[in-house]
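The opening residue of the sequence shown carries number 273 in the numbering used here; numbering runs sequentially from there. Positions of the beta carbon are idealized from the N, C-alpha and C atoms, including for glycine.
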Amino acid sequence: MKKEFIAHVKQKNDGSWKSPHLLVEHLNETANKAGEFASGFENKDWAELAGFLHDLGKYHPDWQSYLRRKSGYYDIEAHIESTGNRPNHSQAGAAYLFELFKNSKAAKILSYVIGGHHSGLPDWEPQLHSRIMDENQRLIKDDLEKVKQVDEAKHFLNKSIPSSIPSIYKTSIDKNSNEQIHLWIRMLFSCLVDADFLDTEKYMDEKERGGYLSIVELKERFDNYMSEKKSDSELNKKRNGI
């Protein structure tokens, strides 16, 4: 039986387990959603790659063992060699980009976005570097090597680096362009975080978001509320009587 790599699990109220949220599905769906969000500013490829790599570290056998141990979910068919440690799954994708693309702009930006997708964007320097380095001040190559040995993970490791560098990154650096780059990176980060959250929520809650009021309807309700509030105010009644 093929080994299943899991992203999330959920126990039902009756004590039984919902079918696990497979990691390959989570990475693909997060990438698709993030790419869709980023297509509005023409950087779909950047957001997709961030989605594909954001939870790459969950392929590590120690993380798979940790998830099962912590949640109480055990797959009878699963046999996972584990050291009992809990690797930092959010850093593997960032470390991989640094290893593969060295100091390219794309590697730096995507590593920054991926590395902060759980705990928030760190200061550009030196926090980014320290997050990707372990307590012994070395790149987490041991963890990354174990991930790279997983056949299913290789599909995500062969993705192309984005080629659509925004024009603001090619121009001379001044205060205005720095602010634009700052905003652009935060937009990429938001695309990844929102996509990750929505796909996880879809599995955990089984409820599709939707059915929201339009902006026009919300504006109409707001105007009605403010109008009623204004007319009901005792102070306003006295003011209107003057």
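Residue j beta carbon less than 8 Å from that of residue i
{"i": "Phe-277", "j": "Val-296", "result": "yes"}
{"i": "Leu-416", "j": "Ala-378", "result": "no"}
{"i": "Val-419", "j": "Gly-329", "result": "yes"}
{"i": "Leu-321", "j": "Leu-393", "result": "no"}
{"i": "Ala-303", "j": "Cys-463", "result": "no"}
{"i": "Tyr-475", "j": "His-293", "result": "yes"}
{"i": "Tyr-346", "j": "Val-281", "result": "no"}
{"i": "Ala-279", "j": "His-298", "result": "yes"}
{"i": "Asp-334", "j": "Pro-434", "result": "no"}
Outcome for residue i when other beta-carbon atoms lying within 10 angstroms are tallied against a minimum of 16
{"i": "Ile-487", "result": "exposed"}
{"i": "Glu-407", "result": "Annotation note: pLDDT 40 at Glu-407 (below 50); position unreliable, no value reported."}
{"i": "Phe-461", "result": "buried"}
{"i": "Tyr-497", "result": "exposed"}
{"i": "Ile-348", "result": "Residue placement at Ile-348 cannot be trusted, given a pLDDT of 47 that sits under 50; the coordinates are not used to answer."}
{"i": "Asp-327", "result": "buried"}
{"i": "Ser-362", "result": "buried"}
{"i": "Glu-500", "result": "exposed"}
{"i": "Phe-494", "result": "exposed"}
{"i": "Asp-477", "result": "exposed"}
{"i": "Leu-455", "result": "exposed"}
{"i": "Gly-287", "result": "exposed"}
{"i": "Tyr-384", "result": "buried"}
{"i": "Lys-413", "result": "exposed"}
{"i": "Glu-301", "result": "buried"}
DSSP state of residue i mapped onto helix, strand, coil
{"i": "Leu-429", "result": "helix"}
{"i": "Gln-283", "result": "strand"}
{"i": "Leu-393", "result": "coil"}
{"i": "Leu-485", "result": "coil"}
{"i": "His-293", "result": "strand"}
{"i": "Ser-499", "result": "helix"}
{"i": "Glu-407", "result": "At Glu-407 the pLDDT is 40, less than 50, meaning the model places this residue with poor confidence; the figure from the coordinates comes in the next sentence. Three-state DSSP puts Glu-407 in coil, outside helix and strand."}
{"i": "Ile-348", "result": "Reliability of the predicted coordinates at Ile-348 is poor, the pLDDT of 47 falling under 50, and no value is obtained from them."}
Proximity test, residue i beta-carbon vs the ligand ADP heavy atom, cut-off 7 Å
{"i": "Lys-316", "result": "Among the components of this structure there are no ligands whatsoever, and the ligand ADP is therefore not found."}
Bounding residues of the alpha helix (DSSP H) (the contiguous stretch that carries residue i)
{"i": "Gly-365", "result": "364-373"}
{"i": "Glu-417", "result": "413-420"}
{"i": "Gly-387", "result": "377-387"}
{"i": "Glu-320", "result": "316-325"}
{"i": "Ser-343", "result": "333-343"}
*Decide if the stretch 306-313 is in contact with the stretch 332-344; the criterion is three or more beta carbon pairs, one per stretch, under 8 Å apart.*
Output reads no: the stretch 332-344 does not touch the stretch 306-313.
*Just checking, does the stretch 362-378 make contact with the stretch 454-468 on the three C-beta pairs under 8 Å criterion?*
no
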